[in-house]
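Student: I am attaching a structure below and will ask some questions about it afterwards.
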Amino acid sequence: MSTPTDTQTFMQMEEAHTSGVYPKRPLTVVRGEGAYLWDESGRRYIDCVGGQGSANFGHAHPAIVAAIQQQAATLMTAPEIFYNDKRALLLDRLTSLANMPRAYLCNSGAEAVEAALKFAILATKRHEIIATNRGFHGRTMGALSATWEPKYREPFQPLIPGFKHVQYNDLAAMDAAITDQTAGVIVEIVQGEGGVRPGDADYLRGVQALCHERGAMFIVDEVQTGFGRTGKLFAHQHYDLQPDLMSIAKSMAGGLPMGACLIGSRVPALQAQTHGSTFGGNPLACAAALAALDVMVNDDLPGRAAALGGWLLERFENLPKTKVREVRGLGLIIGIELRSKVSPVLKTLQERGVLALPAGMNVLRLLPPLVIERDALDEAATIIEDVINGLPELSS
Ligand code: PMP
4 MSTPTDTQTF MQMEEAHTSG VYPKRPLTVV RGEGAYLWDE SGRRYIDCVG GQGSANFGHA
64 HPAIVAAIQQ QAATLMTAPE IFYNDKRALL LDRLTSLANM PRAYLCNSGA EAVEAALKFA
124 ILATKRHEII ATNRGFHGRT MGALSATWEP KYREPFQPLI PGFKHVQYND LAAMDAAITD
184 QTAGVIVEIV QGEGGVRPGD ADYLRGVQAL CHERGAMFIV DEVQTGFGRT GKLFAHQHYD
244 LQPDLMSIAK SMAGGLPMGA CLIGSRVPAL QAQTHGSTFG GNPLACAAAL AALDVMVNDD
304 LPGRAAALGG WLLERFENLP KTKVREVRGL GLIIGIELRS KVSPVLKTLQ ERGVLALPAG
364 MNVLRLLPPL VIERDALDEA ATIIEDVING LPELSS
């Protein structure tokens, strides 16, 4: 064992002992505030990674920090065999905001998806699940079975039987795929990991209608699009959809690990012991989530996302077509599809003090905290434009 003193040491220590499953960047982040992160040398970065969607409230939000501190000193853990004051308040608030009567609480996005898949099977007594090309739903075996990316799936084949993938935004393909054995259809409203690809309103409404017609559950995965990201509290609210099951996670508890599967009225009552989780619905996460929902509503973070995202999308439309194939997004989930690989762009952006994400090989994805000040976003956008303008011209 050694006592780390500088970047090199922290990186070396992690490298020596980390699982190896993550592609790492040479940056040690040690502190955050709002939309800024700092490394251990004190250098500041504008955060457009946003904890991969778990930092919609920014870092160290005072109201959320206070709620966590208070609850940590009161009661952190209480399995769901007991009732709890904070959990009761959260369930009441969340189900009313989502307009879905019940919720199963868990600890991550993949768990929320697992729950949705199991509940669809329990609700219909069928075992077939339809998912979409480029869809991402997590990496546990059930969620991975619904995830499309071949390189994530291949080492674990055969995975769970009964999963089928069809082209996204293609209603005829969905119509042909849903059978009388389909338990559920799982879709994202904007495909996040798959390249920031928004679903068409008619498509999403059509999928919901097909589910109703054929007795299947309409499962909406809002793990990335939920909690204000797209300009509404939940992205399906843009299109007046009513999911039967909805997975959420990421920013749900203001940055603490938490997930949930919201359960609609087409799902019959679930029997005891059919699912569960030790940490699910723990009072600490529930208290954080309650504080986070207060901030979301009182500070109108969905409204901020809509306004700032609209402004940014319009601005990025002016990026040169010789370097950028397409700009896509909804609210503050923005994808810039480059004509070249994204990894060198991410590296240069980091050198220039902006942290951003990829979505596949060519898409630069931005998920800034929704609390980001317009000045900080403007500064980040200027650097992004400058870096993209400096790319070689490929074709027009
Ligand atoms: N669903 C979607 C749409 C996601 O974007 C993600 C994570 N990127 C997940 C599920 C899995 O969430 P987690 O990493 O918390 O398991």
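Residues 4 to 399 in this note's numbering are what the sequence shown spells out, letter by letter.
For every residue, glycine included, the Cβ atom is placed at its ideal position computed from N, Cα and C.
With distances taken Cα to Cα, identify the nearest neighbour of P246 among M255, I132, Q73, M220.
Tutor: M220
Student: Once the 5 residues before and after L369 are set aside, which same chain residues still bring their CB inside 6 Å of it?
Tutor: Result list for L369: C51, I337, A359, in chain order.
Student: According to DSSP, simplified to helix, strand and coil, what is S99?
Tutor: Under the three-state reduction of DSSP, S99 is assigned to helix.
Student: Since I339 and V357 should fall inside the 8 Å C-beta cutoff, what is the C-beta to C-beta distance between them, to a whole number of angstroms?
Tutor: Contact doesn't hold; Cβ gap of about 13 Å is too wide.
Student: Just list the residues that DSSP pairs A256 with in beta bridges.
Tutor: L259
Student: Give me the Cβ distance between P201 and V193, rounded to the nearest whole Å; I'm assuming they're in contact under 8 Å.
Tutor: 5 Å
Student: Spatial neighbours of Q74 within its chain, please: C-beta separation below 7 Å, excluding the five flanking residues on both sides.
Tutor: K89, P286, L287, A290
Student: Output yes if chain D places a C-beta closer than 7 Å to the C-beta of A134; else output no.
Tutor: Of the protein chains in the structure, only one exists, and it is not chain D.
Student: Shortest alpha-carbon distance to Y48 belongs to which of Q15, G393, E382?
Tutor: E382
Student: Would you call the segment 270–280 and the segment 112–127 touching, i.e. three or more CB-CB distances under 8 Å?
Tutor: Contact holds: three or more Cβ-Cβ distances are below 8 Å.
Student: Within 8 Å, do at least three Cβ pairs link the segment 253–264 to the segment 295–311?
Tutor: Contact between the segment 295–311 and the segment 253–264 is present, with at least three C-beta pairs closer than 8 Å.
Student: Taking Cβ to Cβ, would you say A180 is nearer than 7 Å to R129?
Tutor: no
Student: So, does the segment 150–169 touch the segment 91–110, judging by three or more C-beta pairs under 8 Å?
Tutor: no
Student: Indicate whether G45 and G61 have their beta-carbon atoms separated by less than 7 Å.
Tutor: no
Student: Buried or exposed: where does P26 fall if 16 or more other Cβ atoms within 10 Å of its Cβ makes it buried?
Tutor: Label assigned to P26: exposed.
Student: Counting only the same chain and skipping the five closest in sequence on each side, list residues whose C-beta sits under 7 Å from that of E196.
Tutor: Cβ within range, chain order: F139, A362.
Student: Could you tell me the distance, in whole angstroms, from the CA atom of S346 to the CA atom of R355?
Tutor: Roughly 14 Å separates the two Cα atoms.
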